[in-house]
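Colleague:
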Amino acid sequence: MSPSPDTSKDLPDLRQRPKHDYDAESSESGTGITQKDVDLKSDVKWKSSRASSETARAALDDSSRITRRTRSPLGLISALLCSLSLYLLVLWCPSSLPESYALCSKEGNIYTVDDTNPRADCIVVHHSRILSVGTLHETKNRYRNAGKISPLAKALKPIVKSGFRFYFVEPGHIVVPGLTDAHAHLIEHGFKRNLEVDNCSPTEFYCISAFQRGEVLEKVKNYINARPDVLKDKNVWIQGMGWDQTKWKDEAVFPTAADFDREPLLRGRPIALRKVDGHALWVSKRILKDLGDLPDIEGGEIVRDSNKRPTGADRVFVDNAMALITLPDWTEKEMLGFYFTAVKEALSYGLTSIHDAATTPQMISFLKKFVYFYLMADKDKLPLRLYLMGFVESEEYWGDQIERFVNYGPAGRLTLRSVKLFSDGTLGSWGAAMLEPYADKPDSKGFLLRSPEAMSRLAKKFWNDDTLRLIDRRICSLQNIHCVGDRANSVALDIFEELLLSENVTDRRPRIEHAQIMTPADLQRIARLGVIPSVQPTHATNEMLYAETRLSEDVLIEAILSSDQRILPIGSDFPVESVNPLFGFYAAVTRLSESGDSPHGKTGWFPEQRLTRAEALKGMTYDAAYASFSEGELGSLAPGKRADFVVLDTDIMTAPVASTLMAKVVATIVDGRPKYGKL
Numbered sequence: 003m004s005p006s007p008d009t010s011k012d013l014p015d016l017r018q019r020p021k022h023d024y025d026a027e028s029s030e031s032g033t034g035i036t037q038k039d040v041d042l043k044s045d046v047k048w049k050s051s052r053a054s055s056e057t058a059r060a061a062l063d064d065s066s067r068i069t070r071r072t073r074s075p076l077g078l079i080s081a082l083l084c085s086l087s088l089y090l091l092v093l094w095c096p097s098s099l100p101e102s103y104a105l106c107s108k109e110g111n112i113y114t115v116d117d118t119n120p121r122a123d124c125i126v127v128h129h130s131r132i133l134s135v136g137t138l139h140e141t142k143n144r145y146r147n148a149g150k151i152s153p154l155a156k157a158l159k160p161i162v163k164s165g166f167r168f169y170f171v172e173p174g175h176i177v178v179p180g181l182t183d184a185h186a187h188l189i190e191h192g193f194k195r196n197l198e199v200d201n202c203s204p205t206e207f208y209c210i211s212a213f214q215r216g217e218v219l220e221k222v223k224n225y226i227n228a229r230p231d232v233l234k235d236k237n238v239w240i241q242g243m244g245w246d247q248t249k250w251k252d253e254a255v256f257p258t259a260a261d262f263d264r265e266p267l268l269r270g271r272p273i274a275l276r277k278v279d280g281h282a283l284w285v286s287k288r289i290l291k292d293l294g295d296l297p298d299i300e301g302g303e304i305v306r307d308s309n310k311r312p313t314g315a316d317r318v319f320v321d322n323a324m325a326l327i328t329l330p331d332w333t334e335k336e337m338l339g340f341y342f343t344a345v346k347e348a349l350s351y352g353l354t355s356i357h358d359a360a361t362t363p364q365m366i367s368f369l370k371k372f373v374y375f376y377l378m379a380d381k382d383k384l385p386l387r388l389y390l391m392g393f394v395e396s397e398e399y400w401g402d403q404i405e406r407f408v409n410y411g412p413a414g415r416l417t418l419r420s421v422k423l424f425s426d427g428t429l430g431s432w433g434a435a436m437l438e439p440y441a442d443k444p445d446s447k448g449f450l451l452r453s454p455e456a457m458s459r460l461a462k463k464f465w466n467d468d469t470l471r472l473i474d475r476r477i478c479s480l481q482n483i484h485c486v487g488d489r490a491n492s493v494a495l496d497i498f499e500e501l502l503l504s505e506n507v508t509d510r511r512p513r514i515e516h517a518q519i520m521t522p523a524d525l526q527r528i529a530r531l532g533v534i535p536s537v538q539p540t541h542a543t544n545e546m547l548y549a550e551t552r553l554s555e556d557v558l559i560e561a562i563l564s565s566d567q568r569i570l571p572i573g574s575d576f577p578v579e580s581v582n583p584l585f586g587f588y589a590a591v592t593r594l595s596e597s598g599d600s601p602h603g604k605t606g607w608f609p610e611q612r613l614t615r616a617e618a619l620k621g622m623t624y625d626a627a628y629a630s631f632s633e634g635e636l637g638s639l640a641p642g643k644r645a646d647f648v649v650l651d652t653d654i655m656t657a658p659v660a661s662t663l664m665a666k667v668v669a670t671i672v673d674g675r676p677k678y679g680k681l
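What follows is the structure, given as structure tokens:
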């Protein structure tokens, strides 16, 4: 294997003090830090081992003695800061990896997603970046003098005693670039974990453990009984997520508000449960009572009973109708819990970057304050990269309500340079805007959330927003439009086609989120325009059973996967689907359920839309990086790029494809440091 280009002829002097990311490499992009960024009011309860607690307590005792000796305010502040820093250091110890090391595979199982050098034996890491990529022979020859080499120890153990170190993956294990979920909802995932009203395990590829609505109510009862404060107070709002009527065994129809009143424990409580796709809301009669008369809503629907009664027989609120329900804001303490839950799970599945697809001003404010406040003491509190798509629930232009920033924070892992607009709903709620009526609901074609004219005006206003250009003339605002149905996709492409007449698509990289159902003409048009379709393969395999009856035979769902598309970022839309990106990999290359079936047999649902394994891996690495303007830093293993990579215990590129569903992450590495597992 020929050596890869190198960024340095010699290994940097390992005796020199390393230059950390926050010394020079990060960029605040002119955002500045203000007092309100520091003013995080969350009541954080740190958890630690007994040893850590005792060490921290001793540190605090020492600070008390210092305080008694130090009478000046400056001395007091210094003592308290030192104590806090030591406390955090004890609880969140840094990685023991050396600043420079090589990770090697004797089988050449490092998949780089770099066309110039697709497979390699070794990658060499120095601080947060990849120094070189090449063969084991050339790597040993080049770097053996950096440390004292000893005989090969147990796999994944260092084979040097000091200085530069070599690590070897076990036979059969592979290394791939850090995985990106190109469309997800981080905070909402933690929210769903708080009260999940489904029966799906995080390890299930396709949630076949569907159950009846009575079991949903049972989960809510269990939630209340486990919380004495909620049990005693019938005014506490109860919110959860995850129900899906398409999978209910008893009756696959929307639930009603009256369902809650059948349970004495639930009767009279304000309860709001989101559908798994987030596009429908099931609420209790207590909430309806406070609303009064309910009008019909354009771009949404209140699903009522056959008598159209606006009472307990109201079933659910779909899309724009959800805005009629004013839900309580999450507290920062709640958001902190949601954040930690979601990030921990994401890292355990090998995700190093997430594109958060609809980040509200409340979430943005929380993340900025969180990043600044905590990262001053420990930059690993944001252990993965977040690319945010700003979103405000409003019919009018709201660009002035969110702040844009690039590479924010000490490690530069937080970016908001794009916005998210919604064109329609989802297929599961009959909300996707279609050109023809639904086969199983012939009186409906779904609905656009706003008229084509209103969408065009709004998109143009965002397109011409120069907020980021004031920071850096090379950076422009970006747009991502949610489109599921073929009518919604057509409207979005009409808008982008007009806007791109005077713009270079590479400078703008507009995205259509989902791009599920398109006409043959629009499949050709999206490729010709260079508009990026951001897809979720697990949506197709999750929806394929009811899609067969909901759509006519000539409608092409997820046909974008078989189009001539150069860039195809892949995501999951979690918490709608599982966080595990390998489930999306499996769905993309097989178009099958977990059991290996589909409505079209063992070859997959519309098998011509299957991706190759190389295409699927590229979609969740390089293509996702390109879609967020970070392909120069992320997405492949090449010299000079960030050292983000994942070690898997299964060769997903060559093993039987079903085995990818059982593959486990050995280590998740961000900026050269392990954030999950270890080397």
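In this text, residue positions in the sequence shown follow the numbering used here: the first is 3, and each later residue adds one. Don't be surprised by glycine CBs; every beta carbon is placed ideally from N, CA and C. Quantities reported herein were computed from a predicted structural model and do not represent experimental measurements.
If you compare alpha carbons, which of ASP116, PRO412 and ARG131 is closest to GLU101?
Modeller: ARG131
Colleague: CB-CB under 7 Å to ALA441, same chain, minus the five flanking residues each way: which ones, in chain order?
Modeller: THR551, ARG552, LEU553 and SER554
Colleague: Suppose contacts are defined by Cβ-Cβ distances below 7 Å. Is GLN403 in contact with PRO444 by that definition?
Modeller: no
Colleague: When DSSP builds the beta bridges, which residues end up paired with GLU515?
Modeller: For GLU515, which the question treats as bridged, DSSP gives the partners HIS484 and SER536.
Colleague: Using a Cβ-Cβ cut-off of 8 Å (strictly less than) and excluding sequence neighbours within five positions of PHE464, which residues of its own chain qualify?
Modeller: TYR399, GLY401, VAL421, LEU423, SER479 and GLN481
Colleague: Using DSSP bridges, identify the partner residues of TRP245.
Modeller: In DSSP, TRP245 forms a bridge with LYS277.
Colleague: Between which two residues does the alpha helix (DSSP H) harbouring HIS139 extend?
Modeller: 138 to 145
Colleague: Which residue's Cα is closest to the Cα of ARG452: MET436, LEU416, GLN214 and GLY301?
Modeller: GLY301
Colleague: Would a C-beta distance cut-off of 7 Å place TYR103 and VAL127 closer than the cut-off?
Modeller: It is a contact, given that the beta carbons lie within the stated cut-off.
Colleague: Pull up the DSSP beta-bridge partners for ALA104, would you.
Modeller: VAL126 and PHE168
Colleague: Quick check: the Cα distance between SER680 and ALA360, rounded to an integer number of angstroms?
Modeller: In the sequence under discussion, the amino acid at residue 680 is Lys, which differs from the Ser named in the question. Rounded to whole angstroms, LYS680 to ALA360 spans 32 Å at the Cα level.
Colleague: I need the straight-line Cα distance from SER367 to GLU405, nearest angstrom please.
Modeller: 9 Å
Colleague: Thinking LEU329 and PHE319 are a contact (beta carbons under 8 Å), I'd like their distance in whole angstroms, please.
Modeller: Beta-carbon to beta-carbon, LEU329 and PHE319 are separated by about 11 Å, too far to satisfy the 8 Å threshold.
Colleague: Take GLU515 as the anchor and find which of LEU386, LYS383 and ALA434 has the nearest alpha-carbon.
Modeller: ALA434
Colleague: Given this structure, state the Cα-to-Cα distance separating ALA665 from LEU293, to the nearest angstrom.
Modeller: Going by the C-alpha atoms only, they are around 49 Å apart.
Colleague: Quick one: Cα of LYS677 to Cα of THR354, how far?
Modeller: Those two C-alpha atoms are separated by around 9 Å.
Colleague: Which whole-angstrom value describes the C-beta separation of GLN567 and PRO535, a residue pair presumed to lie in contact below a C-beta threshold of 8 Å?
Modeller: Confirmed, about 6 Å.
Colleague: Quick check on this structure: which residue in ARG271, LEU384 and LYS335 has the alpha carbon closest to the alpha carbon of ARG345?
Modeller: For clarity, residue 345 is Val in the given sequence; the question names Arg instead. Per the Cα distances, LEU384.
Colleague: Who are ILE690's beta bridge partners in DSSP?
Modeller: Nothing can be reported for residue 690, as the shown portion of the chain is limited to 3 through 681.
Colleague: Suppose contacts are defined by Cβ-Cβ distances below 7 Å. Is LYS166 in contact with CYS106 by that definition?
Modeller: It should be noted that the sequence gives Phe, not Lys, for residue 166. Contact: no.
Colleague: Please name the residue in ALA627, ALA348 and LEU290 whose C-alpha comes closest to that of TYR644.
Modeller: The amino acid at residue 644 is misidentified as Tyr; the sequence shows Arg. The option with the nearest alpha carbon to ARG644 is ALA627.
Colleague: Counting only beta-carbon separations shorter than 7 Å, does MET365 have a partner in chain B?
Modeller: You won't find chain B in this structure, because it holds only one protein chain.
Colleague: Would DSSP call VAL507 helix, strand or coil?
Modeller: helix
Colleague: Taking MET655 as the reference, which of PHE647, GLY637, VAL672 and LYS620 has the closest Cα?
Modeller: LYS620
Colleague: What's the call for PRO257, buried or exposed, on a 16-neighbour Cβ count within 10 Å?
Modeller: buried
Colleague: Only counting runs of 4 or more residues, tell me where the alpha helix (DSSP H) segments fall wholly within the stretch 355 to 390, in order along the chain.
Modeller: 363 to 377
Colleague: Among the residues of its own chain, which have a CB less than 6 Å from the CB of VAL578, if the five just before and after it don't count?
Modeller: VAL278 and ASP279
Colleague: Can you tell which of ASP117, THR118 and GLY174 has the C-alpha that lies nearest to the C-alpha of GLU109?
Modeller: GLY174
Colleague: Let me confirm a value: ALA413 is counted as buried when at least 16 other C-beta atoms fall within 10 Å, else exposed. Which label applies?
Modeller: buried
Colleague: Would you kindly check if the distance between the Cβ of VAL486 and the Cβ of ASP556 is under 7 Å?
Modeller: no
Colleague: For ARG195, which residues of its own chain have a beta-carbon under 7 Å away from its beta-carbon, when the five flanking residues on both sides are left out?
Modeller: THR343, listed in sequence order.
Colleague: Within this structure, are the beta carbons of ALA629 and PRO583 separated by less than 7 Å?
Modeller: In this structure, PRO583 does not lie closer than 7 Å to ALA629 by Cβ.
Colleague: For LEU219, which residues of its own chain have a beta-carbon under 6 Å away from its beta-carbon, when the five flanking residues on both sides are left out?
Modeller: GLU265
Colleague: Got a sec? Which residues, its chain only, sit under 6 Å from ASN237 by beta carbon, not counting five neighbours each side?
Modeller: So the list is empty, once near-sequence residues are dropped.
Colleague: Taking all protein chains shown into account, do 16 or more other C-beta atoms lie within 10 angstroms of the C-beta of LEU233, making it buried, or fewer, making it exposed?
Modeller: exposed
Colleague: Check whether the Cβ atoms of ARG387 and ARG415 lie closer than 7 Å to each other.
Modeller: If you check the CB distance, ARG387 and ARG415 come in under 7 Å.
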